[in-house]
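Asks: Counting in the working numbering, the sequence shown runs from 54 upward without gaps.
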Amino acid sequence: QTRSLLGVFEEDAAAISNYINQLFQAMHRIYDAQNELSAATHLTSKLLKEYEKQRFPLGGDDEVMTSTLQQFAKVIDEASSFSCHAVLSTQLADAMMFPITQFKERDLKEILTLKEVFQIASNDHDAAITRYSRLSKRRENEKIKAEVTEDVYTSRKKQHQTMMHYFCALNSLQYKKKISLLEPLLGYMQAQISFFKMGSENLTEQLEEFLNNIGTSVQNVRREMDCEVENMQQTIEDLEVASDPLYLPDPDPTKFPVHRNLTRKAGYLNARNKTGLVSSSWERQFYFTQGGNLMSQARGDVAGGLVMDIDNCSVMAVDCEDRRYCFQITSFDGKKSSILQAESKKDYEEWICTINNISKQIYLSENPEEIAARVNQSALEAVTPSPSFQQRHESMRPAVQSRPPAARTSSTGSLGSESAALSALSLDSLVAPDTPIQFDIISPVSEDLPGQAKSSGQSGRRTNPFGESGGSKSETEDSILHQLFIVRFLGSMEVKSDESPDVVYETMRQILAARAIHNVFRMTESHLLVTCDCLKLIDPQTQVTRLRFPLPNVVLYATHQENKRLFGFVLRTSGGKAESRQTSICYIFESNNEGEKICDSVGLAKQIAFHAELDRKASEKQKEIDRVKEKQQKELNKQKQIEKDLEEQSRLIAASSRSNQNSGEGQFVVLSSSQSEDSDLGEDGKRKRESEA
54 QTRSLLGVFE
64 EDAAAISNYI
74 NQLFQAMHRI
84 YDAQNELSAA
94 THLTSKLLKE
104 YEKQRFPLGG
114 DDEVMTSTLQ
124 QFAKVIDEAS
134 SFSCHAVLST
144 QLADAMMFPI
154 TQFKERDLKE
164 ILTLKEVFQI
174 ASNDHDAAIT
184 RYSRLSKRRE
194 NEKIKAEVTE
204 DVYTSRKKQH
214 QTMMHYFCAL
224 NSLQYKKKIS
234 LLEPLLGYMQ
244 AQISFFKMGS
254 ENLTEQLEEF
264 LNNIGTSVQN
274 VRREMDCEVE
284 NMQQTIEDLE
294 VASDPLYLPD
304 PDPTKFPVHR
314 NLTRKAGYLN
324 ARNKTGLVSS
334 SWERQFYFTQ
344 GGNLMSQARG
354 DVAGGLVMDI
364 DNCSVMAVDC
374 EDRRYCFQIT
384 SFDGKKSSIL
394 QAESKKDYEE
404 WICTINNISK
414 QIYLSENPEE
424 IAARVNQSAL
434 EAVTPSPSFQ
444 QRHESMRPAV
454 QSRPPAARTS
464 STGSLGSESA
474 ALSALSLDSL
484 VAPDTPIQFD
494 IISPVSEDLP
504 GQAKSSGQSG
514 RRTNPFGESG
524 GSKSETEDSI
534 LHQLFIVRFL
544 GSMEVKSDES
554 PDVVYETMRQ
564 ILAARAIHNV
574 FRMTESHLLV
584 TCDCLKLIDP
594 QTQVTRLRFP
604 LPNVVLYATH
614 QENKRLFGFV
624 LRTSGGKAES
634 RQTSICYIFE
644 SNNEGEKICD
654 SVGLAKQIAF
664 HAELDRKASE
674 KQKEIDRVKE
684 KQQKELNKQK
694 QIEKDLEEQS
704 RLIAASSRSN
714 QNSGEGQFVV
724 LSSSQSEDSD
734 LGEDGKRKRE
744 SEA
């Protein structure tokens, strides 16, 4: 609205400048050419008559001005028959040309100069805001941050001051326009009167009274302009003092608290536009909400355009290209999304809260802000310790058996379901009080599980979710089941029990309540790959495995009974090498209406894995039997070979004995080298001799 109003004032200034230039040229002809005095005076009269045909956007008292100029035009037409002399030229130069020249050369040029300075200040401010928006939150440099903040402060202050002086000049132009039109004409008429003393019979008392009235009106307008300028200068000083804290891009939250009950909001945001597969650009536009629609308007556009319908949409904080204060809006059907960046943390939280309120269609009620306040108060109260499930059920019964006040009531279920295993336990036996909640993915599970690190591969390794890799065979290629789901990680926390779905329900309640009270809107989107071996969380952009959950360790999984988009599972892990205690961690996710499908898929994977384990054990048992048979066969063959060696040695000994008897005493039997080797080496020597032969 401000820029549109400024455009009207600038259009009016351009129209005034155009008209004054024409009037100046007409009066200059009176001054320059005495022989053209009559024609120039006639042209001046003509232009005065055409004033009523001009369409000034800020025409206030144009009817009075039109009638006054019409009377001036009539008088000028009557005086256009006289000749111009040197005295008249001097008087015209002083009384007619000087005021209009001063208005043209000083006031109109001042408007143009201020317009250029304001445009430069606006460009400097946009550049400073762009540089501030690119500040990295991962590698914060206090020196650079201070320089950028000071740059934003200086440029914003410069733009504001220039804008106020520019507006003041545009407002003053309306008064100067009247003065610049009336003073030259008054000077012209006075010069004509002083020159035409001889023709005083043509100048009546009525004309003198008219001129006196015009002179008085000009003085009144001048005094009114001076008073208005003084008031505007005082307003400028007050605004400068009051607006000084607002020059900072990220104001102090203690002085400017966040309004969470809004159902309408408008302001500048940076919008992310994809320019390629991996490249993107950011464009700063003015965004505003209109009912259940998010609108945007670029600078220079006549009206805003629809960005998306934000009824029943989802909004969450995201990390995007190392920029701060980014959030993503996704339509109710998930087909359209936009990533926007706010200027400050205050705007960032207010935009998210406002869109959340609009998404719940609070704006359709009679008192939207009051209802939004009640909704936010309910979210704050959600973090208070809830009574046990047994107490919830007993509060709805007509009669209750009294119990000791110090005794803890038992838990029978969650959301109407009953569990016999938890009949004697309270909520504290499910989830320990003051248990820390993790809202983001930090490190892979496989690193904490002994014996699982090598089987799961290194964390951060690029993985194809469909089991197809370029070089080596991935661990999921042999899996029968491959199902991929889009999920968003809500949080995880340690639980005491993993025997009932009530654990998952209570963990969902505590995580959602904690997100509401701490204003945690960011959710990490991932692809959940369900196989017969494990559950994997995969980065949708880089295909890097973020987390790996071995399927045997997933002992419990359940879907929220009312909100089917929520599901969770309990993972049983060991405490590490130093601790032998096993811990149970419950992970909660949000899906696109696929919670039951994911749980069914996990159940199917566990069944397949169970049957595969039975087949593996049977195969290993059969292999063990085959190895025992093979070992027995080898022992039998070895025994036969030993018997053959003994027979061969007996034959050689018998032959040597017969040779000794035939040769007599003192005779020795000389064995060949091959025979000696056979006798020494046995079966190995025999085999070697046969190979040599």
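Virtual Cβ for every residue (Gly too), placed ideally from N, Cα, C.
Using the beta-carbon count (16 or more within 10 Å), is H664 buried or exposed?
Replies: Along the sequence shown, one-based indexing puts residue 664 at 611. Flag for H664 reads exposed.
Asks: Just to confirm my understanding: we take M285, look at its own chain, exclude 5 residues before and 5 after, and list those with CB closer than 7 Å. What are they?
Replies: Within the sequence shown, residue 285 is the residue found at index 232, counting from 1. Closer than 7 Å at Cβ, skipping near neighbours: C221, N224.
Asks: Given V311, which residues of its chain have a CB within under 7 Å of its CB, disregarding the five upstream and five downstream residues?
Replies: Sequence index remark: in the sequence shown, residue 311 carries index 258 (1-based). K399, E402, E403, listed in sequence order.
Asks: Over what stretch of residues does the alpha helix (DSSP H) that includes C280 continue unbroken?
Replies: Translated into the one-based positions of the sequence shown, residue 280 becomes position 227. Looking at the DSSP string, the run of the alpha helix (DSSP H) that includes C280 is 258-296.
Asks: Since E203 is in the alpha helix (DSSP H), which residue starts that stretch and which ends it?
Replies: In the sequence shown, residue 203 corresponds to position 150, counting from 1. First-last of the alpha helix (DSSP H) with E203: 195-248.
Asks: Taking contact to mean 3 or more Cβ pairs, one atom from each stretch, closer than 8 Å, check whether the stretch 203-216 and the stretch 109-123 are in contact.
Replies: Result no; under three Cβ-Cβ pairs closer than 8 Å.
Asks: Mind checking G621: buried by the 16 CB within 10 Å criterion, or exposed?
Replies: As a first step, residue 621 must be located in the sequence shown, where it is residue number 568. Answer is buried; the Cβ neighbour count reaches 16.
Asks: With DSSP as the reference, identify every bridge partner of K578, one or two as the case may be.
Replies: Here residue 578 is taken as the residue at index 525 of the sequence shown, counted from 1. The amino acid occupying residue 578 in the given sequence is Glu; Lys does not appear at that position. Answer is R541, bridged to E578.
Asks: With 16 as the cutoff for other CB atoms within 10 Å, does T612 come out buried or exposed?
Replies: For the purposes of this step, residue 612 is taken as the residue at position 559 of the sequence shown. That one is buried.
Asks: Are the beta-carbon atoms belonging to D362 and S384 less than 9 Å from one another?
Replies: Translated into positions along the sequence shown, residue 362 becomes position 309. Translated into positions along the sequence shown, residue 384 becomes position 331. Cβ distance < 9 Å, so D362 and S384 count as in contact.
Asks: Where do the N-terminal and C-terminal ends of the alpha helix (DSSP H) with Q381 fall, by residue?
Replies: Sequence index remark: in the sequence shown, residue 381 carries index 328 (1-based). Run containing Q381: none in the alpha helix (DSSP H); it sits in the beta strand (DSSP E), 379-383.
Asks: Taking only the alpha-carbon atoms, compute the straight-line gap between A319 and Y340 and give it to the nearest angstrom.
Replies: Locating residue 319 in the sequence shown gives position 266, counting from the first residue. Locating residue 340 in the sequence shown gives position 287, counting from the first residue. Spanning the two alpha carbons is a distance of roughly 6 Å.
Asks: Within the same chain, show all residues whose beta-carbon is closer than 8 Å to that of N326, passing over the 5 residues directly before and after it, in chain order.
Replies: Residue mapping note: residue 326 aligns to position 273 of the sequence shown, counting from 1. So the qualifying residues of the chain are S333, S334, W335, E336.
Asks: Can you tell me which of Q124, V597, M80 puts its alpha carbon nearest to the alpha carbon of L260?
Replies: What you label residue 260 is simply residue 207 of the sequence shown in a count that begins at 1. Of Q124, V597, M80, the residue nearest in Cα terms is Q124.
Asks: What span of residues does the beta strand (DSSP E) with T598 cover, start to end?
Replies: Locating residue 598 in the sequence shown gives position 545, counting from the first residue. Where T598 is concerned, the enclosing beta strand (DSSP E) stretches over 598-603.
Asks: Tell me whether C639 sits in a helix, a strand or coil according to DSSP, three-state version.
Replies: What you label residue 639 is simply residue 586 of the sequence shown in a count that begins at 1. DSSP places C639 in strand when its eight states are reduced to three.
Asks: Leaving out five residues on either side along the sequence, give the residues of the same chain with a beta carbon under 7 Å from the beta carbon of F721.
Replies: In the sequence shown, residue 721 corresponds to position 668, counting from 1. Because F721 sits at a pLDDT of 46, beneath the cut-off of 50, its placement in the model cannot be relied upon, and the point is left open.
Asks: May I have a chain-ordered list of the alpha helix (DSSP H) segments no shorter than 4 residues that lie completely inside the stretch 407-436?
Replies: Counting only runs of 4 or more, we get 421-434.
Asks: Quickly, what does DSSP pair A319 with across the bridge? List them, please.
Replies: As a position in the sequence shown, residue 319 is number 266, starting the count at 1. Beta-bridge pairing links A319 to F341.
Asks: Please classify V371: does DSSP put it in a helix, a strand, or coil?
Replies: In the sequence shown, residue 371 corresponds to position 318, counting from 1. It is coil, neither helix nor strand.
Asks: Taking just the CA atoms, how far does P603 sit from I490?
Replies: Locating residue 490 in the sequence shown gives position 437, counting from the first residue. Locating residue 603 in the sequence shown gives position 550, counting from the first residue. Each residue's Cα considered, the two are about 22 Å apart.
Asks: Between the alpha carbons of L582 and L590, how many angstroms are there, rounded?
Replies: On the sequence shown, residue 582 is found 529 positions in, with the first residue counted as 1. On the sequence shown, residue 590 is found 537 positions in, with the first residue counted as 1. If you take the alpha carbons of L582 and L590, they lie about 7 Å apart.
Asks: Quick check: the Cα distance between Q54 and E169, rounded to an integer number of angstroms?
Replies: Counting from 1 along the sequence shown, the entry for residue 54 is found at position 1. Counting from 1 along the sequence shown, the entry for residue 169 is found at position 116. Cα to Cα, the separation comes out at about 21 Å.
Asks: Tell whether a beta-carbon distance below 9 Å holds between L534 and A658.
Replies: Looking up residue 534 in the sequence shown gives position 481. Looking up residue 658 in the sequence shown gives position 605. Yes, these two residues count as a Cβ contact at 9 Å.
Asks: For K190, collect the residues of the same chain with a Cβ closer than 6 Å to its Cβ; drop the 5 residues on either side in sequence, then sort them by chain order.
Replies: Translated into positions along the sequence shown, residue 190 becomes position 137. Closer than 6 Å at the Cβ level, and outside the excluded window around K190, lie R377.
Asks: Hey, L161 and I73 are a contact pair by Cβ (cut 8 Å); roughly how many whole angstroms apart?
Replies: One-based indexing of the sequence shown puts residue 161 at position 108. One-based indexing of the sequence shown puts residue 73 at position 20. 7 Å between Cβ atoms; contact.
Asks: Need the endpoints of the beta strand (DSSP E) that M348 sits in, please.
Replies: Position 295 of the sequence shown, counting from 1, holds the residue named residue 348. It spans 346-350 - the beta strand (DSSP E) in which M348 sits, taken as one unbroken run.
Asks: Rounding to the nearest angstrom, what Cα-Cα distance links E552 and K413 in this structure?
Replies: Counting from one through the sequence shown, the residue named residue 552 turns up at place 499. Counting from one through the sequence shown, the residue named residue 413 turns up at place 360. E552 and K413: Cα-Cα distance of roughly 36 Å.
Asks: What residue does the beta strand (DSSP E) around V607 start on, and which one ends it?
Replies: Counted from its first residue, the sequence shown places residue 607 at position 554. 607-612 is the span of the beta strand (DSSP E), which, as asked, contains V607.
Asks: Let me confirm a value: T257 is counted as buried when at least 16 other C-beta atoms fall within 10 Å, else exposed. Which label applies?
Replies: The sequence position of residue 257 within the sequence shown is 204, counting from 1. That one is exposed.
Asks: In angstroms with no decimal places, state the Cα-to-Cα distance between P298 and L235.
Replies: Residue mapping note: residue 298 aligns to position 245 of the sequence shown, counting from 1. Residue mapping note: residue 235 aligns to position 182 of the sequence shown, counting from 1. Cα to Cα, the separation comes out at about 44 Å.
Asks: Identify the continuous alpha helix (DSSP H) that holds I570 and give its terminal residues.
Replies: In the sequence shown, counting from the first residue as 1, residue 570 sits at position 517. Unbroken alpha helix (DSSP H) run through I570: 555-571.
Asks: Run through the stretch 54-102 for me and flag every whole beta strand (DSSP E) of 3 or more residues, listed as ranges in chain order.
Replies: The qualifying runs do not exist here; there are none.
Asks: Taking 8 Å as the cut-off, is the C-beta of E419 nearer than that to any heavy atom in the ligand GDP?
Replies: In terms of ligand content, the structure shown is empty, and the ligand GDP therefore cannot be addressed.
Asks: Suppose you measure from the CA of A356 to the CA of D364; what does that come to, to the nearest Å?
Replies: In the sequence shown, counting from the first residue as 1, residue 356 sits at position 303. In the sequence shown, counting from the first residue as 1, residue 364 sits at position 311. About 22 Å.
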